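Chemist:
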Amino acid sequence: MKLVRLSRYLLKRAERVMESRKPDFLIGPQGDPYMQRWWLIPRNRVFNIYLHRILHDDDDRALHDHPWPSVSIMLKGKLGELYRGRDGQTHVRKIQPGRIIWRGPWFAHRLTLWPEFSGLMQPFAVTIFITGPRVREWGFHCPKGWRHWKEFTAPADRGQIGRGCD
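Residue numbers (the numbering used here): 313 to 478.
1. Starting from A437, trace the alpha helix (DSSP H) both ways and give me its first and last residue.
2. Cβ of Y321 versus every heavy atom of the ligand COA: is any distance shorter than 6 Å?
3. Tell me where the alpha helix (DSSP H) around W461 begins and ends.
4. Assuming G340 and H378 form a contact by the criterion Cβ under 8 Å, report the distance between their Cβ atoms to the nearest whole angstrom.
5. Can you check DSSP and say which residues form a bridge with S319?
6. Once the 5 residues before and after G451 are set aside, which same chain residues still bring their CB inside 6 Å of it?
7. Quick one: measure Cβ to Cβ for R422 and L375, integer angstroms, because I've assumed they're closer than 8 Å.
8. Taking C-alpha atoms, which residue in I442, G389 and H403 lies nearest to L425?
9. Output the boundary residues of the beta strand (DSSP E) element that contains F337.
10. Once you ignore the five residues that flank R405 on each side, which residues in its own chain have a CB closer than 6 Å to its CB?
11. In three-state DSSP terms, what is E393?
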């Protein structure tokens, strides 16, 4: 589904949020995070709305899933999404401004900034990310099977890269 007019309106609102305050959470190495997150409503158990500024590709060691169903609205930049299809194979789709994507909690994917459109790497991408209630734990899809996020990342230092699939 694509809603260009709505995404332009939401981008203007998102830019005001990003200019007015620091991110609520950084994901990735300190000093060079790959994602900045702002909470657009107070965090709660029913649903959440996040503003994401994606600065780098997701960790390329494995696809990951999420603990809730979710909807993404692409506002700025362009992303490639690598995902595991129903056939078990990895596929790629382009996500451009105005695109709305629904993902179930078991959907395994990885986001990358998409360089092809302008010949230059996009400096960042902006999305609104809406989650439903938590229905499971989340993790990474390693060659030897699913790995809980606490085993893959560095849980003592939230947002940091950990041991991965090893």
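Virtual Cβ for every residue (Gly too), placed ideally from N, Cα, C.
In this text, all values refer to a predicted model and were calculated from it rather than measured experimentally.
Modeler: In terms of the structure at hand:
1. Residue 437 sits at position 125 when you count from the first residue of the sequence shown. For A437, there is no enclosing alpha helix (DSSP H); the enclosing beta strand (DSSP E) has its first and last residue at A437 to T443.
2. No copy of the ligand COA appears in this structure; indeed no ligand is present at all.
3. Position 149 of the sequence shown, counting from 1, holds the residue named residue 461. It spans W461 to F464 - the alpha helix (DSSP H) in which W461 sits, taken as one unbroken run.
4. Along the sequence shown, one-based indexing puts residue 340 at 28. Along the sequence shown, one-based indexing puts residue 378 at 66. Not a contact, Cβ separation roughly 17 Å.
5. Taking the first residue of the sequence shown as 1, we reach residue 319 at position 7. Its beta-bridge partners do not exist; DSSP assigns none.
6. As a first step, residue 451 must be located in the sequence shown, where it is residue number 139. Once the five neighbours on either side are set aside, the close Cβ partners of G451 are W458, R459, H460 and W461.
7. The residue given as residue 422 occupies position 110 in the sequence shown. The residue given as residue 375 occupies position 63 in the sequence shown. Contact flag correct, Cβ pair sits at about 5 Å.
8. Taking the sequence shown and counting its residues from 1, the one referred to as residue 425 is at position 113. It is G389 whose Cα lies nearest to the Cα of L425.
9. Start at 1 with the first residue of the sequence shown, and residue 337 comes out as number 25. Start and end: F337 to I339.
10. Here residue 405 refers to the residue found at position 93 of the sequence shown. So the qualifying residues of the chain are E393.
11. Reading the sequence shown from its first residue, position 81 is the one you call residue 393. Reduced to three states, the DSSP call for E393 is strand.
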